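Colleague: Per the numbering used here, the very first residue in the sequence shown carries number 9; after that it's consecutive.
I am attaching a structure below and will ask some questions about it afterwards.
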Amino acid sequence: MRARIFAVTLLLAVPAAAADWFPPKDMMTVGVYYYPEAWPESQWAGDMANIKKMGMEFVHMGEFAWAYMEPEEGRYRLDWLDRAVQLAADNGLKVILCTPSATPPVWLSRRHPDILMVDALGRRMDHGGRQQGDWSSPLYRDYVKRIDTQLAMKFGSDPRVWGWQIDNELSHYEKQYSYSPAATGSFRAWLRQKYRTIDRLNADWGTSFWSMRYSSFDEIDIPNQNNHPGLPNPHAQLDFARFFADEGAGFLRMQAATLRQFGGQQWITTNFMAMHEDIDPMRSAKDLDAFTWTHYPVHGEVLAEYGPLAFRLGSAAIQSFMHDFMRPINGISGLMELQPGQVNWGAVNPWPQPGAIHMWIMRAFGAGARLVCTYRYRQPLVGNEQYHKGLVETDGVTPSPGGLEYEQAARDMLKLREHYQAGAKEPAAYAKRHTAFVIDFDSRWDIDIHKQTTRWDTVNHWMKYYRALKSMMAPVDVVTMAHDLSAYPFVVAPAYQLASDETIAKWKAYAEAGGHLVLTSRTAEMDTRGHFPETLWAERIWSLIGAKLPKYDLLPGDIKGRVTSGGVGYQWGSWADILEPQPGTTVLATYADQFYAGKAAAVTHKVGKGSVTYIGVDTLTGDLEAVLLRRLFTEAGAAPASLKPDFLVDWRDGFWVATNFTSTPQTIPARPGAQVLVGTRTLPPGSAAVWIE
Ligand code: GAL
9 MRARIFAVTL LLAVPAAAAD WFPPKDMMTV GVYYYPEAWP ESQWAGDMAN IKKMGMEFVH
69 MGEFAWAYME PEEGRYRLDW LDRAVQLAAD NGLKVILCTP SATPPVWLSR RHPDILMVDA
129 LGRRMDHGGR QQGDWSSPLY RDYVKRIDTQ LAMKFGSDPR VWGWQIDNEL SHYEKQYSYS
189 PAATGSFRAW LRQKYRTIDR LNADWGTSFW SMRYSSFDEI DIPNQNNHPG LPNPHAQLDF
249 ARFFADEGAG FLRMQAATLR QFGGQQWITT NFMAMHEDID PMRSAKDLDA FTWTHYPVHG
309 EVLAEYGPLA FRLGSAAIQS FMHDFMRPIN GISGLMELQP GQVNWGAVNP WPQPGAIHMW
369 IMRAFGAGAR LVCTYRYRQP LVGNEQYHKG LVETDGVTPS PGGLEYEQAA RDMLKLREHY
429 QAGAKEPAAY AKRHTAFVID FDSRWDIDIH KQTTRWDTVN HWMKYYRALK SMMAPVDVVT
489 MAHDLSAYPF VVAPAYQLAS DETIAKWKAY AEAGGHLVLT SRTAEMDTRG HFPETLWAER
549 IWSLIGAKLP KYDLLPGDIK GRVTSGGVGY QWGSWADILE PQPGTTVLAT YADQFYAGKA
609 AAVTHKVGKG SVTYIGVDTL TGDLEAVLLR RLFTEAGAAP ASLKPDFLVD WRDGFWVATN
669 FTSTPQTIPA RPGAQVLVGT RTLPPGSAAV WIE
């Protein structure tokens, strides 16, 4: 019953036009980045024909081409782009066009240097790279609006153009924030709007501490570690993180509205970065039609904890989590950039495992993506990304190893479409494991502002739970508390530090109605302002979790604490909530050393028709967390599967999809009579299978 309601909810979330843009029977479309401005026009036709021949269905163009679109102020040149679009159309390729706001032309930066961002040391950025524009500069926004208007006038109702990407990986990369006068002005305006009076700000920011008190909004600067011998005010930092994310979302909103002025029949997205902490995609939920992201799984990270081949395969958890994060925002998601081979920007840039690129594309398919676009078609001969692989080698025609894998994936998609069945019903056993994974950007920011222990890593904490869920073959939606959780049998809300009373009440109501809620270390210690309530530690959730939580402990260096559950020992190092269960509460795990040996580390109890489990210890590898989630799923009748962690299996549109990110062969959990359409029953590391039953 729950699962059926769930499916209906998801369908309702999809925008009406989505079925035209992304016909359900196509399931997932595969395409590639192409930069016509970087190649002689005489080569475009051959390139487009080869893109088509390799099985690509769309091309993505124009994202960094401002200097070619507007070579001088007010002189717009879109004829070349029009010819490139026509060549794409002649080859039956759909087109994604982009707004070029990540690369302002030199004339603009020289004439108006204040459109450039200022870094934390007060240095204004220069022309000659990218992402240097300052979104807070009204003048910059104005210039962006003008070029976007020209693009929209020319292509906004052009049937050859399928959709739009705004900007590129909205961010200032490692410079992180702009500290320009314009950004300072916007921050003050944001604060004024939020607090109305300076007294309210003083109260919320706790400025009685260290005599920080302000008498006017105009006295406030952006909190900047470089300007403070001591730490800047944590509440100011939290508000600045919120402001920055709002400012980014506002920049996207402005561009989306500009593009929609002259058409509105094409879909609009931006390409968010994977796990990026400063830009919050949920803030753009109403402004964009599709939620896409960029992914370069192999760039020199060793990932030793995931196996000896993980450095060639990437992190299964991060990749899968990102799909599960983007998809539920409005039901339309995809990978806008996916690595085609070696990249150039890691400290070390290894060759991905043969098969891995095909596997990543199949993972996107299994996770419900509507499109996968590879970055990029041709390996550049010059410029900042010379060592970056493309679908074709430096000769411009020979498919690279990754290019061959994309070709294979494109062929596989055609084959899978032949087996598409409209309205395929999600298998009941799988549906029973639907889990809402609730994240909160405020909590993530605030924990990072005052971590309390350098051993804590919020994303790593999330991944311990997420990885465990996927090893049970649970379909997961990563959502916020704004989402309707009522149809999910399970809700996991890790490290939800900044909880309002309303959030706590929602958790209670969810469990009372029959849901199984899992809360973890660092939950509800603070209110949404980042204040400790005037109670005992986390006391607002004591009755919800069925235990008092009077204290927590942290261990320095690499000292390891011990905890036991079911006679098995586990180790922790970063965070330990010490729990005191109330009558009727079951203790799931107990500390085995330190002066609080014998005290509870994890508890569970019934609440109404459901249950609440609190796991207060963050173990080194997440092994205890996995055991406790498995126990919960089993007791709730959700029959968890037992997949090796990082061997992912999901269901989509009637197809089972398995991707092996582990370093050993894995057997797909297919029934004996199943028809394996892609891959084999035994999957080597870095390979995928798709089957129907
Ligand atoms: C991405 C970026 C692309 C390209 C790519 C190279 O992060 O969005 O424009 O630079 O990296 O791997």
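Backbone N, C-alpha and C fix where the C-beta goes; we use that ideal spot for every residue, glycine too.
Keep in mind that this is a model prediction, so the values were computed, not measured.
Would you say the beta carbon of Y215 comes nearer than 7 angstroms to a heavy atom of the ligand GAL?
Modeller: Position 207 of the sequence shown, counted from the start, is the residue given in the question as residue 215. Position check: residue 215 holds Thr in this sequence, whereas Tyr was assumed. No, since every heavy atom of the ligand GAL falls outside the 7 angstroms radius drawn around the Cβ of T215.
Colleague: Taking the straight line between their C-alpha atoms, what separation do you get for Q184 and T488?
Modeller: As a first step, residue 184 must be located in the sequence shown, where it is residue number 176. As a first step, residue 488 must be located in the sequence shown, where it is residue number 480. Rounded to whole angstroms, Q184 and T488 show a C-alpha spacing of 24 angstroms.
Colleague: Could you round the C-beta distance between K440 and P497 to whole angstroms and report it? I think they count as a contact, below 8 angstroms.
Modeller: By 1-based counting over the sequence shown, the position of residue 440 is 432. By 1-based counting over the sequence shown, the position of residue 497 is 489. That pair is a contact at about 6 angstroms.
Colleague: Considering only their Cβ atoms, is the gap separating A418 from M64 smaller than 8 angstroms?
Modeller: As a first step, residue 64 must be located in the sequence shown, where it is residue number 56. As a first step, residue 418 must be located in the sequence shown, where it is residue number 410. Yes, these two residues count as a Cβ contact at 8 angstroms.
Colleague: Could you tell me the distance, in whole angstroms, from the CA atom of D654 to the CA atom of M481?
Modeller: For the purposes of this step, residue 654 is identified with residue 646 of the sequence shown, where counting begins at 1. For the purposes of this step, residue 481 is identified with residue 473 of the sequence shown, where counting begins at 1. Each residue's alpha carbon lies about 11 angstroms from the other.
Colleague: Excluding the 5 residues flanking T688 on each side, which residues of the same chain have their C-beta closer than 7 angstroms to its C-beta?
Modeller: Counted from its first residue, the sequence shown places residue 688 at position 680. For T688, where only same-chain residues beyond five positions count, the Cβ hits under 7 angstroms are A697.
Colleague: Spatial neighbours of C381 within its chain, please: C-beta separation below 6 angstroms, excluding the five flanking residues on both sides.
Modeller: On the sequence shown, position 373 is the one that residue 381 refers to. Taken in chain order, the residues that qualify are G39, H68, M344.
Colleague: How long is the line joining the alpha carbons of P44 and M370, rounded to whole angstroms?
Modeller: Taking the first residue of the sequence shown as position 1, residue 44 is located at position 36. Taking the first residue of the sequence shown as position 1, residue 370 is located at position 362. Whole-angstrom Cα-Cα distance: 28 angstroms.
Colleague: Is N5 helix, strand or coil when you go by DSSP?
Modeller: The structure shown does not extend to residue 5, since the chain is modelled only from 9 through 701, so no value can be given for it.
Colleague: To test your reading of the DSSP string, which unbroken alpha helix (DSSP H) runs of 4 or more residues are found completely within the region 174-205?
Modeller: 189-203
Colleague: Please work out which residues of its chain come closer than 6 angstroms, Cβ to Cβ, to D288, disregarding the five sequence neighbours upstream and downstream, and give them in chain order.
Modeller: Sequence index remark: in the sequence shown, residue 288 carries index 280 (1-based). Excluding sequence neighbours, D288 sits near A253, F449.
Colleague: Compare the beta carbon distance of M220 and A282 with 8 angstroms and say whether it is the shorter of the two.
Modeller: By 1-based counting over the sequence shown, the position of residue 220 is 212. By 1-based counting over the sequence shown, the position of residue 282 is 274. No, they are not a contact pair.
Colleague: Enumerated in chain order, which unbroken segments of the alpha helix (DSSP H) with a length of 4 residues or greater are wholly contained in the region 395-470?
Modeller: 409-426, 436-439, 449-457
Colleague: Determine, using beta carbons only, whether G624 comes closer than 8 angstroms to chain B.
Modeller: Protein chains in the displayed structure number just one, and chain B is not present.
Colleague: Who are D509's beta bridge partners in DSSP?
Modeller: Counting from 1 along the sequence shown, the entry for residue 509 is found at position 501. Its beta-bridge partners do not exist; DSSP assigns none.
Colleague: Measure the CB-CB distance between L116 and Y151 and report whether it falls below 8 angstroms.
Modeller: Against the sequence shown, residue 116 aligns to sequence position 108. Against the sequence shown, residue 151 aligns to sequence position 143. Between L116 and Y151, the C-beta gap is smaller than 8 angstroms, which places the two residues in contact.
Colleague: What is the rounded straight-line gap between the Cα of T157 and the Cα of D142?
Modeller: As a working mapping, residue 157 is identified with position 149 in the sequence shown. As a working mapping, residue 142 is identified with position 134 in the sequence shown. Answer to the nearest angstrom: the Cα atoms are 19 angstroms apart.
Colleague: When the Cα of I676 is compared with those of V500, R660, L656, which residue comes out closest?
Modeller: Taking the first residue of the sequence shown as position 1, residue 676 is located at position 668. Taking only the C-alpha atoms, the option nearest I676 is L656.
Colleague: Under 8 angstroms by Cβ, that's how I've got L346 and Y383 pegged, so tell me the actual separation to the nearest angstrom.
Modeller: Walking along the sequence shown from the start, residue 346 turns up at place 338. Walking along the sequence shown from the start, residue 383 turns up at place 375. About 7 angstroms; that satisfies the 8 angstroms criterion.
Colleague: Got a sec, what are the start and stop residues for the alpha helix (DSSP H) R371 sits in?
Modeller: Reading the sequence shown from its first residue, position 363 is the one you call residue 371. Taken as a continuous stretch (DSSP letters only), the alpha helix (DSSP H) holding R371 covers 364-374.
Colleague: Tell me whether the beta-carbon of L260 lies closer than 8 angstroms to the beta-carbon of T278.
Modeller: The sequence position of residue 260 within the sequence shown is 252, counting from 1. The sequence position of residue 278 within the sequence shown is 270, counting from 1. Contact: yes.
Colleague: Examine the ligand GAL and report whether any of its heavy atoms sits within less than 7 angstroms of the Cβ of H135.
Modeller: Here residue 135 is taken as the residue at index 127 of the sequence shown, counted from 1. No, since every heavy atom of the ligand GAL falls outside the 7 angstroms radius drawn around the Cβ of H135.
Colleague: Buried or exposed: W218, going by 16 or more other Cβ atoms within 10 Å of its Cβ?
Modeller: Taking the sequence shown and counting its residues from 1, the one referred to as residue 218 is at position 210. Under this definition W218 is an exposed residue.
Colleague: Considering only their Cβ atoms, is the gap separating Y187 from D127 smaller than 8 angstroms?
Modeller: The residue labelled residue 127 in the question sits at position 119 within the sequence shown. The residue labelled residue 187 in the question sits at position 179 within the sequence shown. Against a cut-off of 8 angstroms, the Cβ pair of Y187 and D127 comes out as a contact.
Colleague: Suppose you measure from the CA of D566 to the CA of G630; what does that come to, to the nearest Å?
Modeller: As a first step, residue 566 is located in the sequence shown; it is residue number 558 there, counting from the start. As a first step, residue 630 is located in the sequence shown; it is residue number 622 there, counting from the start. Between D566 and G630, the C-alpha separation is close to 16 angstroms.
Colleague: Which residues in the same chain have their Cβ closer than 7 angstroms to the Cβ of H120, if we skip the five residues on either side of it in sequence?
Modeller: Working through the sequence shown from its first residue, we reach residue 120 at position 112. Excluding positions up to five away in sequence, the list reads L147.
Colleague: Is it right to say D454 is buried, meaning 16 or more other beta carbons lie within 10 angstroms of its own, or is it exposed?
Modeller: Within the sequence shown, residue 454 is the residue found at index 446, counting from 1. It counts as buried.
Colleague: Can you grab the Cα-Cα spacing for the pair A608 / P589, in whole Å?
Modeller: Translated into the one-based positions of the sequence shown, residue 608 becomes position 600. Translated into the one-based positions of the sequence shown, residue 589 becomes position 581. Straight-line Cα distance between these residues: approximately 7 angstroms.
Colleague: Where do the N-terminal and C-terminal ends of the alpha helix (DSSP H) with P703 fall, by residue?
Modeller: Absent from the model: residue 703. The displayed extent of the chain is 9 to 701, so no value can be given.
Colleague: For the ligand ZN, is there any heavy atom lying closer than 7 angstroms to the beta carbon of V351?
Modeller: Absence of the ligand ZN from the depicted structure is noted, with the ligand GAL being the only ligands included.
Colleague: Alpha carbon to alpha carbon, what distance is there between R91 and A325?
Modeller: Within the sequence shown, residue 325 is the residue found at index 317, counting from 1. Within the sequence shown, residue 91 is the residue found at index 83, counting from 1. One C-alpha to the other measures close to 42 angstroms.
Colleague: Determine the direct distance from the alpha carbon of L424 to that of I155, and round the result to whole angstroms.
Modeller: Residue numbering aside, residue 155 sits at position 147 when the sequence shown is read from its first letter. Residue numbering aside, residue 424 sits at position 416 when the sequence shown is read from its first letter. Their backbone Cα atoms lie some 40 angstroms apart in a straight line.
Colleague: Buried or exposed: W275, going by 16 or more other Cβ atoms within 10 Å of its Cβ?
Modeller: Reading the sequence shown from its first residue, position 267 is the one you call residue 275. When all chains shown are included, W275 counts as buried.
Colleague: Tell me the rounded alpha-carbon separation between T461 and V467.
Modeller: Start at 1 with the first residue of the sequence shown, and residue 461 comes out as number 453. Start at 1 with the first residue of the sequence shown, and residue 467 comes out as number 459. One C-alpha to the other measures close to 15 angstroms.
Colleague: Three-state secondary structure (DSSP) at N234?
Modeller: Mapped onto the sequence shown, residue 234 falls at position 226. Note: N234 maps to helix in three-state DSSP.
Colleague: I'd like to know whether the C-beta atoms of Y414 and M77 end up nearer to each other than 8 angstroms.
Modeller: If you number the sequence shown from 1, residue 414 lands on position 406. If you number the sequence shown from 1, residue 77 lands on position 69. No, these two residues do not count as a Cβ contact at 8 angstroms.
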